[in-house]
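In our numbering, the protein residues as written are 80 to 764.
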């Protein structure tokens, strides 16, 4: 029987847990926020109601004897990073995956952002295989309904929403069984246990984390998980605070990071905006105007609501910046369903997800705040989203009077018969759809979180490491400990203390050093809580990148335990680092660690090309993203590559060495394959 680190029948020690209130002769109580229970009315300025009685979101739960679980790896957080981490960790090791909400998937599902924020290479080389498999399974789920038109069903790049911000948008609920099916083989094997609606409330730690205490938000029961390795994939980096591992929040000082667009003095409260997305349909001739939300007039007076030059249903040329901008329709920006792709009668309307600057809540940081303050800020964010909906229905400028139809067949006639209010303002025909996001109020189950606590990691990725202005080649800074790739602009939602912080980025890598810290030997970060700055977080927080970080974290944990090492200095020896990179690029994972635009995970020499490139054994073209796998190598290039291989092995296997000789007609891919086999034989990997 395992002893609890938090609970004793004879003595409830206040020293064994953190983040709790303790009173003499009273049980230890934890004040926790149930995000799913937050109601928009909480803290409303126009309400005289006692805020604490508006909802049941803030709970005070007395500690009781916890159910104790042991495992090799705890993955806390079931978002993009957490799912990817659990997939890799549970291949061979006992793993527990916890999630605070009712839905797995994080930003893709419970946070409502199912119009994926990706990169232009995502369909081929811009993401890891498991992420691509997940995307394809979502497409197949729509095909399996039998409701698509024949043309849409046969499209290998099916995009149910046909939205212009992404290459794949869909209803969040369609992703839920896909994620379940990805994890199901691990669950059936006995290696993976998934526990949902659990919130972390305390950590027991010496030099390493010994246990994490969770409370079930539905029952109030406690679960204590005692793992060997802890992977933190919580949306706000909760375990950093609970375990007292050093971290940063908000903006950084230029004096610390050397970033051109960091302020001289950082501001820990300047965290990126969060938002509650919502979903709309459009039904001409009908009215679905909601009741005016509290605080609407204040938001309106503050100029919060705007199309920013865009029109609802039509493209428009905008010259407000002094240069011509072609603005695509607001409606199709993050549209989830284009009804024209489905058989008649399947959908009565397009379905569009609304995630816009107008419903981003600014300057309300919820990190390291009390549960009641968090509740009030989240409720305010809900009122802001509902306020934006009310503005769209009642105040938004309608498109001009000419009758047009967009690609979805929506009629934009200005005739009064097509307007429920007969005016030139507002779209009362917009209907809030409540079932798609799985909530009673029609807002996402969890706010979309853009910035978390950020680990004080061994490596901190800074602005100058990734942005276009500081990197002249085809790629951003190269890391020899790369464990993943990503590409997204530095996207800042919130106050830019130095104008221009939001900017383009070059294809970048995820260094292993950003996932670990010298402050805690068995902690691994697995999502947007890695070692980045406030600025670079804006590029690393997106769907496929969080997934890649999680894949790396799960793989790292498995290698970590296979060597029974709890010292990151040992882990980062050349051979151990290579073992992690080998595992990531192996066919079963196929997660790229080096950027190419012509070597997809399905390439027969994918692993060889990736490993030979990240180790710089085979040189790459600094001015191009292409590897040119079929290009012939010169004798000099072969000799140079063989010489560089000596860093890892003193001599080549004789039979392989015979193949590498002057005059051999080897392609770049073939040479990479031969060198990789030599490397594996020598290192016995």
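Cβ coordinates follow ideal geometry from the N, Cα and C atoms, glycine included. Being a predicted model, the structure only gives us computed values, none of them experimental.
Using the C-alpha atoms, what's the distance from residue j back to residue i?
i           : j           : result
residue 153 : residue 175 : 5 Å
residue 228 : residue 424 : 12 Å
residue 341 : residue 590 : 22 Å
residue 663 : residue 639 : 14 Å
residue 747 : residue 587 : 23 Å
residue 733 : residue 744 : Note on residue 733: pLDDT 48, under 50, position unreliable in the model; the coordinate value appears next. Going by the C-alpha atoms only, they are around 19 Å apart.
residue 690 : residue 409 : 43 Å
residue 180 : residue 188 : 10 Å
residue 248 : residue 196 : 9 Å
residue 173 : residue 269 : 8 Å
residue 127 : residue 88  : Residue confidence for residue 127 is low, a pLDDT of 45 falling below 50, so the modelled location carries little weight; the figure read from the coordinates is stated next. The straight-line gap from Cα to Cα measures roughly 43 Å.
residue 699 : residue 756 : 20 Å
residue 657 : residue 289 : 28 Å
residue 260 : residue 166 : 11 Å
residue 669 : residue 624 : 14 Å
residue 579 : residue 612 : 16 Å
residue 370 : residue 469 : 8 Å
residue 118 : residue 278 : 19 Å
residue 80  : residue 316 : 31 Å
residue 499 : residue 363 : Low confidence applies here, because residue 499 scores a pLDDT of 49, under 50, leaving its location unreliable; read the following figure in that light. About 8 Å.
residue 155 : residue 473 : 43 Å
Determine which residues share a DSSP beta bridge with residue i and list them.
i           : result
residue 272 : 175
residue 571 : Partner(s): none; residue 571 has no beta bridge.
residue 561 : 590
residue 715 : Answer is none; residue 715 lacks a bridge partner.
residue 420 : Its beta-bridge partners do not exist; DSSP assigns none.
residue 295 : 277
residue 326 : 534
residue 510 : 360
residue 405 : 396
residue 310 : 154 and 603
residue 248 : 194
residue 504 : 476
Is the CB-CB distance between residue i and residue j below 8 Å?
i           : j           : result
residue 159 : residue 186 : yes
residue 417 : residue 239 : yes
residue 303 : residue 109 : no
residue 454 : residue 121 : yes
residue 609 : residue 594 : yes
residue 307 : residue 151 : yes
residue 358 : residue 507 : no
residue 631 : residue 678 : no
residue 310 : residue 431 : no
residue 553 : residue 584 : no
residue 361 : residue 522 : no
Taking the alpha carbon of residue i as the reference point, which residue from the options has its own alpha carbon closest?
i           : options               : result
residue 530 : 167, 269, 372 and 352 : 352
residue 298 : 358, 625, 146 and 451 : 146
residue 182 : 526, 600 and 139      : 526
residue 266 : 169, 192 and 509      : 169
residue 762 : 553, 728 and 117      : 728
residue 389 : 475, 562 and 445      : 475
residue 255 : 296, 301 and 193      : 193
residue 380 : 399, 223 and 466      : 466
Helix, strand or coil: how does DSSP classify residue i here?
i           : result
residue 456 : helix
residue 221 : helix
residue 148 : strand
residue 446 : coil
residue 210 : helix
residue 746 : strand
residue 138 : strand
residue 756 : helix
residue 302 : strand
residue 414 : strand
residue 110 : strand
residue 472 : helix
residue 524 : coil
residue 143 : coil
residue 555 : coil
residue 585 : coil
residue 737 : With a pLDDT of only 49 at residue 737, under the threshold of 50, the placement of this residue in the model should not be trusted, and no figure is reported.
residue 81  : coil
residue 123 : coil
residue 439 : strand
Examine the ligand SAM and report whether any of its heavy atoms sits within less than 7 Å of the Cβ of residue i.
i           : result
residue 705 : Among the components modelled here there is no ligand, and therefore nothing to report on the ligand SAM.
Under a CB-based cut-off of 8 Å, is residue i close to chain C?
i           : result
residue 417 : Here there is only one protein chain, and chain C is not present.
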